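Below is one structure, written out as structure tokens; comments come after it.
Number of protein chains: 2
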Amino acid sequence: MEKQYVVGVDVGGQTTKIGIVDRRGNIITQTVINSKYGPEEAPLFMQSLCDTIRDLANPTGLDTINGIGIGAPNGNYYKGTIEDAANLEWGKGKIIPLADTVSDCLGGIPVTVTNDANAAAVGEMTYGAARGMRNFIMITLGTGVGSGIVINGEIVYGHDGFAGELGHTCSVRDNGRPCGCGKKGCLETYASAIGVARTAREWLELSDEASLLRQKSEITSKDVYEAALLGDKLAIRIFEYTGRKLGEAFADFVAFSAPEAIVLFGGLARAGDFILKPVKEAMEANLLSIWKGKVRIIPSALKESDAAILGASALAW
Amino acid sequence: MEKQYVVGVDVGGQTTKIGIVDRRGNIITQTVINSKYGPEEAPLFMQSLCDTIRDLANPTGLDTINGIGIGAPNGNYYKGTIEDAANLEWGKGKIIPLADTVSDCLGGIPVTVTNDANAAAVGEMTYGAARGMRNFIMITLGTGVGSGIVINGEIVYGHDGFAGELGHTCSVRDNGRPCGCGKKGCLETYASAIGVARTAREWLELSDEASLLRQKSEITSKDVYEAALLGDKLAIRIFEYTGRKLGEAFADFVAFSAPEAIVLFGGLARAGDFILKPVKEAMEANLLSIWKGKVRIIPSALKESDAAILGASALAW
Numbered sequence: 100m101e102k103q104y105v106v107g108v109d110v111g112g113q114t115t116k117i118g119i120v121d122r123r124g125n126i127i128t129q130t131v132i133n134s135k136y137g138p139e140e141a142p143l144f145m146q147s148l149c150d151t152i153r154d155l156a157n158p159t160g161l162d163t164i165n166g167i168g169i170g171a172p173n174g175n176y177y178k179g180t181i182e183d184a185a186n187l188e189w190g191k192g193k194i195i196p197l198a199d200t201v202s203d204c205l206g207g208i209p210v211t212v213t214n215d216a217n218a219a220a221v222g223e224m225t226y227g228a229a230r231g232m233r234n235f236i237m238i239t240l241g242t243g244v245g246s247g248i249v250i251n252g253e254i255v256y257g258h259d260g261f262a263g264e265l266g267h268t269c270s271v272r273d274n275g276r277p278c279g280c281g282k283k284g285c286l287e288t289y290a291s292a293i294g295v296a297r298t299a300r301e302w303l304e305l306s307d308e309a310s311l312l313r314q315k316s317e318i319t320s321k322d323v324y325e326a327a328l329l330g331d332k333l334a335i336r337i338f339e340y341t342g343r344k345l346g347e348a349f350a351d352f353v354a355f356s357a358p359e360a361i362v363l364f365g366g367l368a369r370a371g372d373f374i375l376k377p378v379k380e381a382m383e384a385n386l387l388s389i390w391k392g393k394v395r396i397i398p399s400a401l402k403e404s405d406a407a408i409l410g411a412s413a414l415a416w
Numbered sequence: 100m101e102k103q104y105v106v107g108v109d110v111g112g113q114t115t116k117i118g119i120v121d122r123r124g125n126i127i128t129q130t131v132i133n134s135k136y137g138p139e140e141a142p143l144f145m146q147s148l149c150d151t152i153r154d155l156a157n158p159t160g161l162d163t164i165n166g167i168g169i170g171a172p173n174g175n176y177y178k179g180t181i182e183d184a185a186n187l188e189w190g191k192g193k194i195i196p197l198a199d200t201v202s203d204c205l206g207g208i209p210v211t212v213t214n215d216a217n218a219a220a221v222g223e224m225t226y227g228a229a230r231g232m233r234n235f236i237m238i239t240l241g242t243g244v245g246s247g248i249v250i251n252g253e254i255v256y257g258h259d260g261f262a263g264e265l266g267h268t269c270s271v272r273d274n275g276r277p278c279g280c281g282k283k284g285c286l287e288t289y290a291s292a293i294g295v296a297r298t299a300r301e302w303l304e305l306s307d308e309a310s311l312l313r314q315k316s317e318i319t320s321k322d323v324y325e326a327a328l329l330g331d332k333l334a335i336r337i338f339e340y341t342g343r344k345l346g347e348a349f350a351d352f353v354a355f356s357a358p359e360a361i362v363l364f365g366g367l368a369r370a371g372d373f374i375l376k377p378v379k380e381a382m383e384a385n386l387l388s389i390w391k392g393k394v395r396i397i398p399s400a401l402k403e404s405d406a407a408i409l410g411a412s413a414l415a416w
């Protein structure tokens, strides 16, 4: 039987998306299962995942599946595990043998696990904006800042499988914002959706400047974007600041791996030039001269709703 | 004829070292030539280099040479060139086709070029402290701060061949020291030998604190080390500060490529615990919890006088 499909799985804190994908990156069929389970219920989640994959694959049969790729928080590529995933009730402080369990349950199909941002990078390289690129950095701007680094056409996993935590490099050394990771001043506390909302709240408190954002009770990065679209000066400056933090960081990333491009994915990336322009300006201002004008900043080419499944699935080719 | 030797060449601003090396990393014979040539005299330098290599290889013959590895400022691995090397009179603003020229001149022997720090990393991996390691970062602490990054057993060259400029990542974002590269606040302006001397001068001006360093007219990092050895508190604090700057940067490097170790080479690395202790403390304090206690900081295992030749030669195996 020709193995013409792969399965992509995107494990999130609330739900897990599962899809069957063909060689061209078409999602043939997909579904969503619950992934809120109790601290001791990882086996229940994995059983549900296996059952769902088997059902989804039923029309063509498991024999047609080349492999299963799973993007998951703290996913370890080398071990196929989820390790101490803070935002999975059943993953906190535990090592979950996800790849082995799923593979055993499904007759030995190869299963590959990595974190969400690495999966996104593979997706972008296989089906998206980074096709043909051998050196690029994927930055996912969601509630946090994730990263997947590609060097010589391969994801960088490092010595232990956890490389590419660029959201936790230092953006502000002194008096930086506390980060969920326990450190202070991480890029993620400034350049994520949550970081944008935080900047808005801080700045609104620090001045009396008029802003549409003052009408909101709980400000989200979407509110800031909508205000910026309406010409709100404070909102526009918030994106400028956020973009500058990102661009400054990008210049350092370039000094590390000299990528051809940095690909941006996620909600914030959709704020367009409000954020892209300051990102590019700050990156250029901080690049060594050998790289000035040479590193592209490009948006993801994958539909946001499909990207997680596509990215994970691409691991399985 | 068995190709049992390689040639290692270390191109510096004043002199160029050349050695013939066997498979075990023994330097069989070596010499030094002048590399101070005028702006238009790159061909003269390359001719001298070729003549010297031919002479050195004479006892066993060029047929026994497997290849030539050259470490040079701004050496480009992909193109075999030296590109716009500011500290070579004959390399400023020019692209010097070093590999092709030397290879043509010596009957087609393969010639590999890279920068000094990458050559050091290959040397360390082949003959030194990083033997058997597949993921590590080499940091050379000389007049500047150089770096060679190894991922999956291979040097990271990036899209353009210039990856690994970690000395020019940002250490101090606001009001940072001007760097020779044109940027401000680069790690190199704090953590190099020149950076140490600069810190000493700045601190001596800022206070009246007693210090042995006040007796010196032109302070070098060696003076600071000798004062620290004698218990000079200011000198000790200078190393603590330098080490902290390095350690903070290392934590971000780890977040990038999750190396097994960071190998330190060069004069400053010999300041021992004066610098290593604060490096380790600052790195640990800034690492994500998954890496705490897991990334080693180790000194180079190559003799400083041999390292440049060995490193470059290792490129040729």
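Chains as they are written, first to last, in the working numbering: chain B, 100 to 416; chain D, 100 to 416. Quick reminder that beta carbons are idealized off the backbone N, C-alpha and C, glycines included. In this text, all values refer to a predicted model and were calculated from it rather than measured experimentally.
Beta-carbon spacing of residue i, residue j below 7 Å
| i | j | result |
| --- | --- | --- |
| residue 257 of chain D | residue 287 of chain D | no |
| residue 362 of chain B | residue 216 of chain B | no |
| residue 170 of chain D | residue 411 of chain D | yes |
| residue 312 of chain D | residue 326 of chain D | yes |
| residue 328 of chain D | residue 378 of chain D | no |
| residue 108 of chain D | residue 117 of chain D | yes |
| residue 198 of chain B | residue 179 of chain B | yes |
| residue 138 of chain B | residue 101 of chain B | no |
| residue 185 of chain B | residue 191 of chain B | yes |
| residue 354 of chain B | residue 317 of chain D | no |
| residue 141 of chain B | residue 195 of chain B | yes |
| residue 347 of chain B | residue 385 of chain B | yes |
| residue 275 of chain D | residue 284 of chain D | yes |
| residue 162 of chain D | residue 357 of chain B | no |
| residue 391 of chain B | residue 383 of chain B | yes |
Whole-angstrom C-beta distance between residue j and residue i, which should lie under 8 Å
| i | j | result |
| --- | --- | --- |
| residue 247 of chain B | residue 237 of chain B | 4 Å |
| residue 181 of chain B | residue 167 of chain B | With 8 Å as the limit, residue 181 of chain B and residue 167 of chain B do not qualify as a contact, their Cβ atoms being about 14 Å apart. |
| residue 323 of chain D | residue 299 of chain D | 5 Å |
| residue 290 of chain D | residue 341 of chain D | 6 Å |
| residue 132 of chain D | residue 143 of chain D | Not a contact, Cβ separation roughly 11 Å. |
| residue 221 of chain B | residue 250 of chain D | Not quite, the Cβ-Cβ distance comes to about 16 Å (not below 8 Å), so this is no contact. |
| residue 333 of chain D | residue 308 of chain D | 6 Å |
| residue 175 of chain D | residue 235 of chain D | Contact flag wrong, Cβ pair sits at about 22 Å. |
| residue 268 of chain D | residue 364 of chain D | The pair is not a contact, with the Cβ atoms about 18 Å apart (cut-off 8 Å). |
| residue 331 of chain D | residue 306 of chain D | With 8 Å as the limit, residue 331 of chain D and residue 306 of chain D do not qualify as a contact, their Cβ atoms being about 14 Å apart. |
| residue 126 of chain B | residue 405 of chain B | 6 Å |
| residue 343 of chain D | residue 370 of chain D | Incorrect: roughly 14 Å between the Cβ atoms, too far for contact. |
Option in the options with minimal Cα separation from residue i
| i | options | result |
| --- | --- | --- |
| residue 154 of chain B | B/106, B/331, B/241, B/406 | B/106 |
| residue 111 of chain B | B/407, B/319, B/415 | B/407 |
| residue 394 of chain D | D/387, D/402, D/360, D/365 | D/360 |
| residue 146 of chain B | B/260, B/203, B/399, B/176 | B/203 |
| residue 121 of chain B | B/218, B/208, B/226, B/210 | B/226 |
| residue 243 of chain B | B/368, B/103, B/382 | B/368 |
| residue 415 of chain D | D/113, D/164, D/223, D/384 | D/164 |
| residue 160 of chain D | D/206, D/183, D/343, D/399 | D/206 |
| residue 335 of chain D | D/305, D/295, D/314, D/125 | D/295 |
| residue 241 of chain D | D/319, D/123, D/358 | D/319 |
Secondary structure of residue i, DSSP reduced to three states
| i | result |
| --- | --- |
| residue 121 of chain D | strand |
| residue 318 of chain D | coil |
| residue 261 of chain D | coil |
| residue 217 of chain D | helix |
| residue 129 of chain B | strand |
| residue 249 of chain B | strand |
| residue 414 of chain D | coil |
| residue 323 of chain B | helix |
| residue 109 of chain B | strand |
| residue 142 of chain B | helix |
| residue 272 of chain D | coil |
| residue 240 of chain B | strand |
| residue 403 of chain D | helix |
| residue 151 of chain D | helix |
| residue 159 of chain D | coil |
| residue 330 of chain B | coil |
| residue 137 of chain B | coil |
Taking Cβ-Cβ distances below 8 Å as the criterion, which residues of the segment 276-297 of chain D are in contact with chain C? No chain C appears in the structure shown, which is made up of the protein chains B and D.
With a floor of 4 residues, list each alpha helix (DSSP H) that falls wholly inside the segment 332-389 of chain B, ordered by position along the chain. 332-356, 372-385
At 4 residues or longer, and completely inside the segment 279-312 of chain B: list those alpha helix (DSSP H) runs for me, N to C. 287-290, 292-305
Could you tell me which whole beta strand (DSSP E) segments of length 3 or greater appear in the segment 185-235 of chain B? 210-213
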